[in-house]
Amino acid sequence: MGHEEVTRPGGVTTVLVVDDVPASRYALGAVLRRAGHRVLLAGSAGEALLALDARLRAGELPDVALVDVGLPDMSGYDLCRRMKESPTTAALPVVHFSAVAHGSLDRCRGLDAGAEAYLTVPAEPEEIQAVVRAAARGARRRSAATTRAGRLTLLAEAVLDIQSAGCPGELAETAATQAARLSGTPAAAFVLDDEGEMHRGLSRRRAVTALPDQGAHDAVARLLRSLMSGRTGSHSTVIPAPVWPSGFFGAGPFEPVPDVLEPYPDTRTGNGHGPDGGRRYDDTLLVPPDGALLALARTRDDHAPVCLATPAHAREHATELTRLAHATARVAEQLFMYEKERHVALTLQRSFLPARLPRTPGAEVVVRYEPASRQAEIGGDFYAALPTPAGVLTGIGDVVGHSLDAATVMVELRHALRAYCVEDPDPGALTERLDRMLQRYHPDVTATLCLALVDPASGRARIANAGHIPPLVVRDAGTADYVRVRGPLLGLGLPRPETVDVRLTPADRLLMVTDGLIETRGTDLAVSMEHLRVAAAGAPHGVAALCDTLFECFDRERDDDIALLALRLTAED
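For the sequence shown, my numbering assigns the number 2 to the initial residue and increments by one for each residue that follows.
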């Protein structure tokens, strides 16, 4: 019999023999030792349970248990049931044996208790050895299948987590965390964008011994480009320690990586040591100086690569890490495409939404515009202040949706508004014409809009509303009220109500906002509008002070664009 038949990855097969007869116990032990097995002996069920507990705490459970059915303190059947009911010992294969109970009912009773085999003694040494080998082999196969299933489950969970990332920085952090979960080691993730900017993430198991400098990051970027030059798809490779930049996973012999707080089990042996020889001392992982395992992926030639890096001793997890790198590259591709689209949309908005408005005699008009946060999609908010023979036409609106298409329609609406008001600046007529324009050229798009035509000489403000938050009249006396003006959204073709007239004095400010300023998920819009009214009433005098105060009052991570416009009558120059 070859030595490989009694070995497993990590060492010699260990057999626990439980027998209350010393001579029989000695004989079985001698047979197994001659075959190359390591043998543990127990004279009772109680001794066996104590031995299993000690081996479990040491992380070295036996591979097979040979259990006599006629033990003095507990039957071998009951001991087997107790072992199989415990999650920590359920996978340990049990072989019952007996020199007395030979019948088929005895064998059935043993198998029903959970044993893998039943042996009648005395038996030939070859038969004993064959039964032990078969039980250990079956256990290894079940353990391997369980390990593979566990890894696939972890990989599926990791991919789902990766797909929820909202920006490249979050993607890198998530990828590093999930790579650490899959490999059981510290991990780092590097996501390069098309402009050469690196987004780096580190696992909670600290993947660096000290904060790497810019030179280390540049070296990683050059290495990734070199390894992926002319290649697409995904693959893994091991980089020798001298090539991998120092600072990531250590450099030199067994450099400690601090802050490894949770246990670091070897998935093959179940013990508390690092895989492939990694050693633990208290809460410090000692990493062998074997370089770095890199899982690299790139979806297209014109896209930058993604890399997941772990210490090289995690190479047994290379397949899962490579699949995770591929999923990360897919998400990175989508995020970078979105970033490009968002940049184009934002550029488009800013180019058509001037920060300064033309001078309007008899009125002071101030605007504020703030795009959504980098994690949110670009919207279609817009504003306008246009001088006309009948007074100054102010407007604020929002194209429904968040995309480059919404920003494009916003530009069209704003241009159409400028063109139409030359002919007729009446807000009611303008909303009707813009409504027809959307129906004709963008039948699937709707938009909100509020227009006010203000005559500085008389203070008359004629207002039309198309599904937008109504304007506020804010008075220096410390009060504020919404103008009661309503109407359906643009693009629906519904009848439009009459415009509403209000009178403004130099002590009044007309405030128009988009819903991005006040809208909060889970909060009723009416409640948010009341918060806005109270905040505006308490704001300092002046249109600029009013806008700045509202920005401060509603300052938060913005999920939508924000536009504000405030107007106040002034004395004629």
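We treat Cβ as the ideally placed atom computed from N, Cα and C, and that holds for glycine.
Report the CB separation of residue i from residue j in whole angstroms; it is logged as a contact under 8 angstroms.
{"i": "residue 439", "j": "residue 448", "result": "7 angstroms"}
{"i": "residue 540", "j": "residue 547", "result": "5 angstroms"}
{"i": "residue 455", "j": "residue 392", "result": "5 angstroms"}
{"i": "residue 237", "j": "residue 323", "result": "5 angstroms"}
{"i": "residue 184", "j": "residue 329", "result": "Contact flag wrong, Cβ pair sits at about 14 angstroms."}
{"i": "residue 43", "j": "residue 36", "result": "So it is not a contact: roughly 19 angstroms between Cβ atoms."}
{"i": "residue 527", "j": "residue 480", "result": "Going by Cβ atoms, the distance from residue 527 to residue 480 rounds to 19 angstroms, so no, they are not a contact pair."}
{"i": "residue 69", "j": "residue 77", "result": "5 angstroms"}
{"i": "residue 394", "j": "residue 426", "result": "5 angstroms"}
According to DSSP, is residue i part of a helix, a strand, or is it coil?
{"i": "residue 25", "result": "helix"}
{"i": "residue 399", "result": "strand"}
{"i": "residue 75", "result": "coil"}
{"i": "residue 371", "result": "strand"}
{"i": "residue 237", "result": "strand"}
{"i": "residue 552", "result": "helix"}
{"i": "residue 425", "result": "coil"}
{"i": "residue 254", "result": "Low per-residue confidence applies at residue 254: pLDDT is 34, beneath 50, and the placement is therefore not dependable enough to give any value."}
{"i": "residue 476", "result": "strand"}
{"i": "residue 200", "result": "strand"}
{"i": "residue 163", "result": "helix"}
{"i": "residue 569", "result": "strand"}
{"i": "residue 30", "result": "helix"}
{"i": "residue 170", "result": "helix"}
{"i": "residue 385", "result": "strand"}
{"i": "residue 564", "result": "strand"}
{"i": "residue 393", "result": "strand"}
{"i": "residue 413", "result": "helix"}
{"i": "residue 189", "result": "strand"}
{"i": "residue 82", "result": "helix"}
{"i": "residue 436", "result": "helix"}
{"i": "residue 378", "result": "Unreliable placement is indicated for residue 378, whose pLDDT of 46 sits below 50; no coordinate value is reported for it."}
{"i": "residue 406", "result": "helix"}
{"i": "residue 486", "result": "coil"}
{"i": "residue 500", "result": "coil"}
{"i": "residue 419", "result": "helix"}
{"i": "residue 299", "result": "strand"}
{"i": "residue 14", "result": "coil"}
{"i": "residue 538", "result": "helix"}
{"i": "residue 481", "result": "strand"}
{"i": "residue 495", "result": "coil"}
{"i": "residue 305", "result": "coil"}
Is the CB-CB distance between residue i and residue j below 7 angstroms?
{"i": "residue 385", "j": "residue 396", "result": "yes"}
{"i": "residue 73", "j": "residue 15", "result": "no"}
{"i": "residue 298", "j": "residue 319", "result": "no"}
{"i": "residue 201", "j": "residue 191", "result": "yes"}
{"i": "residue 41", "j": "residue 17", "result": "yes"}
{"i": "residue 95", "j": "residue 81", "result": "yes"}
{"i": "residue 486", "j": "residue 470", "result": "no"}
{"i": "residue 647", "j": "residue 295", "result": "Because the chain here runs from 2 to 574, residue 647 falls outside it and cannot be looked at."}
{"i": "residue 186", "j": "residue 91", "result": "no"}
{"i": "residue 508", "j": "residue 477", "result": "yes"}
{"i": "residue 400", "j": "residue 411", "result": "yes"}
{"i": "residue 363", "j": "residue 457", "result": "yes"}
{"i": "residue 535", "j": "residue 567", "result": "no"}
{"i": "residue 473", "j": "residue 306", "result": "no"}
{"i": "residue 22", "j": "residue 39", "result": "no"}
{"i": "residue 495", "j": "residue 467", "result": "no"}
{"i": "residue 433", "j": "residue 497", "result": "yes"}
If we count the other Cβ atoms within 10 Å of its Cβ and call it buried at 16 or more, is residue i buried or exposed?
{"i": "residue 109", "result": "exposed"}
{"i": "residue 576", "result": "This structure cannot speak to residue 576, because the chain is shown only from 2 to 574."}
{"i": "residue 504", "result": "exposed"}
{"i": "residue 416", "result": "exposed"}
{"i": "residue 515", "result": "buried"}
{"i": "residue 172", "result": "buried"}
{"i": "residue 264", "result": "Interpretation of residue 264 is limited by its pLDDT of 34, a score under 50 that renders its predicted location unreliable; no figure is taken from the coordinates."}
{"i": "residue 506", "result": "exposed"}
{"i": "residue 157", "result": "exposed"}
{"i": "residue 125", "result": "exposed"}
{"i": "residue 420", "result": "exposed"}
{"i": "residue 175", "result": "buried"}
{"i": "residue 99", "result": "buried"}
{"i": "residue 241", "result": "exposed"}
For the stretch 438-465, which segments carrying the beta strand (DSSP E) assignment without a break, of at least 3 residues, lie completely within its bounds, in sequence order? 448-455
Completely contained beta strand (DSSP E) runs for the stretch 502-536, where each covers 3 or more residues: 509-514
Runs of 3 residues minimum, wholly inside the stretch 33-70: which ones carry the beta strand (DSSP E) assignment? 39-43 and 65-69
Residue ranges of each alpha helix (DSSP H) run of no fewer than 4 residues wholly in the stretch 89-148, ordered along the chain? 105-113
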